[in-house]
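Chains A and B, in that order, give the protein sequences. In case it helps, our numbering puts the first sequence at residues 2 to 166. In case it helps, our numbering puts the second sequence at residues 11 to 573. Each residue gets a CB set at the ideal place from its N, CA and C atoms; glycine is no exception.
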Amino acid sequence: MDKNTCMVEVARFFMDFTQNESCGKCVPCREGTKRMLEILNRIVEGKGKDGDIELLEELGEAISKTALCGLGKTAAGPVLSTIKYFRNEYEAHIYEKRCPANACAKLKKYVIDPELCKGCSKCARNCPVNAISGEIKKPFTIDQDKCIKCGACVSNCAFKAIKEA
Amino acid sequence: MDKQYMIIDGIEVTIEGERNVLELARKAGIDIPAFCYDPELSIYGACRMCMVENERGSLEASCSMLPKAGAVIKTNTAKLRKYRKMILELLLANHCRDCTICPKSGNCKLQEFAYKFNITDVRFPNNSCQLGSQDKSSVSIVRDSSKCILCGKCVRMCAEVQNVGAIDYAYRGSKKKIATAFDGPIANSPCVGCGQCAAVCPVGAIVVKDDADKVWDAIGDKNTYVDVQVAPAVRVALGKELGLEEGTPLMGKLVTALKEVGFDAVYDTSFGADMTVLEEANEFVGRLSGNGKLPMFTSCCPAWIRFAENKYPEFLSNISTCRSPMQMFAPVLKEAYKGDKKHVHVAIMPCTAKKFEGKRDEFKDKDGNPYVDYVLTTQEVIRMIKEAGIDFKALEDSACDNPFEEITGAGVIFGVTGGVTEAVLRYASSDKSEKALEEITYTGVRGFEGVKEATVKIGDKDVKIAVVSGLNNTSVLLDKIKSGDVYYDLVEVMSCPGGCVNGGGQPQAEREARHYRADGLYKADGVEVKKSSEQNTAVVKLLASMDEHKKHEILHVHYKGNK
Numbered sequence: 002m003d004k005n006t007c008m009v010e011v012a013r014f015f016m017d018f019t020q021n022e023s024c025g026k027c028v029p030c031r032e033g034t035k036r037m038l039e040i041l042n043r044i045v046e047g048k049g050k051d052g053d054i055e056l057l058e059e060l061g062e063a064i065s066k067t068a069l070c071g072l073g074k075t076a077a078g079p080v081l082s083t084i085k086y087f088r089n090e091y092e093a094h095i096y097e098k099r100c101p102a103n104a105c106a107k108l109k110k111y112v113i114d115p116e117l118c119k120g121c122s123k124c125a126r127n128c129p130v131n132a133i134s135g136e137i138k139k140p141f142t143i144d145q146d147k148c149i150k151c152g153a154c155v156s157n158c159a160f161k162a163i164k165e166a
Numbered sequence: 011m012d013k014q015y016m017i018i019d020g021i022e023v024t025i026e027g028e029r030n031v032l033e034l035a036r037k038a039g040i041d042i043p044a045f046c047y048d049p050e051l052s053i054y055g056a057c058r059m060c061m062v063e064n065e066r067g068s069l070e071a072s073c074s075m076l077p078k079a080g081a082v083i084k085t086n087t088a089k090l091r092k093y094r095k096m097i098l099e100l101l102l103a104n105h106c107r108d109c110t111i112c113p114k115s116g117n118c119k120l121q122e123f124a125y126k127f128n129i130t131d132v133r134f135p136n137n138s139c140q141l142g143s144q145d146k147s148s149v150s151i152v153r154d155s156s157k158c159i160l161c162g163k164c165v166r167m168c169a170e171v172q173n174v175g176a177i178d179y180a181y182r183g184s185k186k187k188i189a190t191a192f193d194g195p196i197a198n199s200p201c202v203g204c205g206q207c208a209a210v211c212p213v214g215a216i217v218v219k220d221d222a223d224k225v226w227d228a229i230g231d232k233n234t235y236v237d238v239q240v241a242p243a244v245r246v247a248l249g250k251e252l253g254l255e256e257g258t259p260l261m262g263k264l265v266t267a268l269k270e271v272g273f274d275a276v277y278d279t280s281f282g283a284d285m286t287v288l289e290e291a292n293e294f295v296g297r298l299s300g301n302g303k304l305p306m307f308t309s310c311c312p313a314w315i316r317f318a319e320n321k322y323p324e325f326l327s328n329i330s331t332c333r334s335p336m337q338m339f340a341p342v343l344k345e346a347y348k349g350d351k352k353h354v355h356v357a358i359m360p361c362t363a364k365k366f367e368g369k370r371d372e373f374k375d376k377d378g379n380p381y382v383d384y385v386l387t388t389q390e391v392i393r394m395i396k397e398a399g400i401d402f403k404a405l406e407d408s409a410c411d412n413p414f415e416e417i418t419g420a421g422v423i424f425g426v427t428g429g430v431t432e433a434v435l436r437y438a439s440s441d442k443s444e445k446a447l448e449e450i451t452y453t454g455v456r457g458f459e460g461v462k463e464a465t466v467k468i469g470d471k472d473v474k475i476a477v478v479s480g481l482n483n484t485s486v487l488l489d490k491i492k493s494g495d496v497y498y499d500l501v502e503v504m505s506c507p508g509g510c511v512n513g514g515g516q517p518q519a520e521r522e523a524r525h526y527r528a529d530g531l532y533k534a535d536g537v538e539v540k541k542s543s544e545q546n547t548a549v550v551k552l553l554a555s556m557d558e559h560k561k562h563e564i565l566h567v568h569y570k571g572n573k
């Protein structure tokens, strides 16, 4: 783990694991981990809402205190500790729609630097969703609504004109 | 030894062998909320609503906590309230909340707790109402997985008390659900239709199938004559839902109400029960003198018949060939109607399995029409009475219709475990004095134990009798009979613990209700002047008018089993 690791994604990864491992017997673990994962998925996709952090904390505490077995009692641990020590990362995802570690694919934004773009159209030809358009020999642009943040344009650009913003 | 105490919410509560802290608290009048706990079932500990807090502030589920002398716990703290609300919110988020059109509305534990805990907002998205979540394949019950909160009461009831095991948990985590084997329709499972799962379901995930609409249609049709028979156990289970005391015998008011609802004639299944007693006692005497297999099992309970077909086919020939009272009475009524309208016969039963019995091929006439067209449960009839806007409390008593209004106390007590046996004993005993009748009650046939035994002298023979209720108790008994560990001449089997008073079609009630209802039936028996079935002159006359062939045709049945 280093500065390129998103702590929200780390929490989401562990929650995905425990949610899969839940046997489903007791309510807090069965329903609670599902809801926590739902909220975390929402946050890393840039759809987090005001109040999500508090809801995660509330859910996490309730699950830890009421779950039947050790799995449920510890399931919320990674979420609660990342909120405790990296709350700013959660806030950046929710309020600024940005991932400080630049790791969350859905929160990335690719833009073409018009100064560097030669208008060769290689990026547009390699874009799987036809999100890039432009006239040959003039700077191309990316339609952010269509873009799926796959990064194919970045690796195909010979002039390093496409940047993550 | 000194008394041992536990301190619950500051109250000193004496420990008297309670099974857990939850029971102890309820004894002290503190009702800790719980979904998955039932005093009659094993402890599951899944809903986490019953958590309590100890002195150090740590939490434990009271249903799975042993009472410990000197321990101090609190059942209602800020922390507990917060967590309980969260659990409710989580359950509500995954529950199809179409409460206004849910058959369980008004009687639903989740609804009740959501109100009590003042849940006004559910912060999680809910898309649990889905098409295809219902299983309507059974004629007895309807399952709806979108309402299920996975408390597991139905699973434990089906496996532990009934030894049927038609349903169990399937999948894991948030995909967990209650399912039959291979997730097939419940109608193709070993389900016997006893309805005890519906009786313990705290929400609307398993409910009794409602056939009231079809009956309303028949009542509304001018060219249809609709008569109805009412089973003994129904009269004592209506009271609470209709504003009277639990367990009050209310046959008189019920007859009036059914007439107001629009039934053309109302009869008492106790009449059929008297027929059953006479036929069954004759059959038993025949078997005792070497004419057929012993032990003889009673045949009134359709869930027991189906259970025997599924699991103990080797005992099918031991089951009395007498039909159940409902199916003896129905063809008699069908024949008695001489009018030219279409005749629809409805039976009001405490039982969901009777719905299945009504549709069995064995109980259809030559043209393939069932003798009983519709079976309604007590629950459905209560709803019909409410729908018709009848003020039940204020009704006058009425008598049943002629010529079948004559009943005896023996027919009335069919509704409680041990009742059939007691009725047969009253008939078989040569001494009809009050004292002799009283002695029968002390032979051990009354009471709510799962298995009761008695030895009675009939003629010069000692007859060994067992009375069993609950299908798991039945299985244990059958296995013992098979291995030769025990011997009985007569075994009465009722599938529902406590007999029909606790049937799956009765209004949901606490454990004590069945005692009130049984007391009500014995009270109703007490006011009947005639105590023994052969004193029912109408029945005796009716049976005398039939020749052996006729009797065989409409009073007896041979279950062929599943093969």
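- Taking C-beta separations shorter than 7 Å and ignoring five residues to either side along the sequence, the partners of serine 542(B) in its chain run Thr418, Ala420, Arg436, Tyr437, Lys442, following chain order.
- Of the other Cβ atoms in all chains shown, 16 or more fall within 10 Å of the Cβ of glutamate 63(B); this residue is therefore buried.
- Inclusion of glutamate 406(B) and threonine 258(B) in the CB contact set at 9 Å is not warranted, their separation being larger than that value.
- From the beta-carbon of methionine 394(B), no residue of chain A is found nearer than 8 Å; the closest lies around 36 Å away.
- Taking C-beta atoms as the reference points, lysine 146(B) and histidine 105(B) fail to come closer than 9 Å.
- Residue contact with chain B for glutamine 145(A): absent (no Cβ-Cβ distance below 9 Å to any residue of chain B).
- At least 9 Å separates the CB of phenylalanine 339(B) from every CB of chain A.
- Think of a sphere of 8 Å around the beta carbon of cysteine 24(A): the chain B residues whose beta carbon falls inside it are Arg182, Gly183, Lys186, in chain order.
- The beta carbons of histidine 353(B) and valine 238(B) sit no closer together than 9 Å.
- For the region 41-66 of chain B, residues whose beta-carbon sits nearer than 7 Å to a beta-carbon of chain A comprise Gly55, Ala56, Cys57, Arg58, Met61.
- With a beta-carbon spacing of about 17 Å, proline 507(B) and threonine 388(B) fall beyond the 8 Å limit used to define contacts.
- Note on the region 225-251 of chain B: there is no whole alpha helix (DSSP H) run with a minimum of 4 residues.
- Residues of the region 92-106 of chain B that bring their beta carbon within less than 8 Å of a beta carbon in chain A comprise Lys92, Tyr93, Met96, Ile97, Leu100, Leu101, Ala103, Asn104, in sequence order.
- Membership of valine 549(B) in the alpha helix (DSSP H) is indicated by the continuous run 547-554.
- With respect to glycine 282(B), proline 335(B) sits close: the two C-beta atoms are nearer than 9 Å.
- In this structure, glycine 203(B) sits near phenylalanine 366(B), with a CB-CB distance shorter than 9 Å.
- Judged by DSSP secondary structure, isoleucine 358(B) falls within the beta strand (DSSP E) whose first and last residues are 352-359.
- Between the region 110-130 of chain B and the region 210-225 of chain B, the count of C-beta pairs closer than 8 Å reaches three or more; the two stretches touch.
- For threonine 75(A), no chain B residue has a C-beta closer than 9 Å to its own C-beta; the minimum C-beta separation is roughly 16 Å.
- Taken residue by residue, none of the region 513-545 of chain B has a beta-carbon sitting less than 9 Å from a beta-carbon on chain A.
- Glutamine 545(B) and glycine 454(B) have their C-alpha atoms some 24 Å from each other.
- Around leucine 69(B), the beta-carbon contacts reaching into chain A at under 8 Å are Lys66, Thr67.
- DSSP places asparagine 157(A) within a helical segment (H, G or I) once states are collapsed to three.
- Here the C-alpha atom of isoleucine 143(A) lies approximately 35 Å from the C-alpha atom of phenylalanine 134(B).
- Look at the region 315-346 of chain B: it has no residue with a C-beta under 7 Å from a C-beta of chain A.
- Under the DSSP assignment, asparagine 42(A) falls outside any beta strand (DSSP E), being part of the alpha helix (DSSP H) whose first and last residues are 34-45.
- Within the region 78-131 of chain B, the complete beta strand (DSSP E) segments at least 3 residues long are 82-84, listed from N- to C-terminus.
- Listed along the chain, the chain A residues whose CB falls inside 8 Å of the CB of arginine 153(B) amount to none; the nearest CB is some 18 Å away.
- Rounded to the nearest angstrom, the gap between the Cα atoms of asparagine 103(A) and asparagine 5(A) is 7 Å.
- Residue pairing from DSSP places threonine 465(B) in a beta bridge opposite Lys474(B).
- Neighbours of arginine 133(B) in chain A, taken as residues at a C-beta separation under 7 Å, are given in chain order as Leu56.
- For lysine 89(B), at least one C-beta of chain A is nearer than 9 Å to its own C-beta.
- Counting of Cβ neighbours within 10 angstroms places glutamine 337(B) among the buried residues, the total reaching 16 or more.
- Taking the CA atoms as reference points, alanine 93(A) sits about 57 Å from glutamine 172(B).
- Under DSSP, leucine 500(B) takes part in a beta bridge, and its partners are Met306(B), Ile475(B).
- Looking at Ala241(B), Asn292(B), Asp284(B), the one whose alpha-carbon comes closest to that of aspartate 278(B) is Ala241(B).
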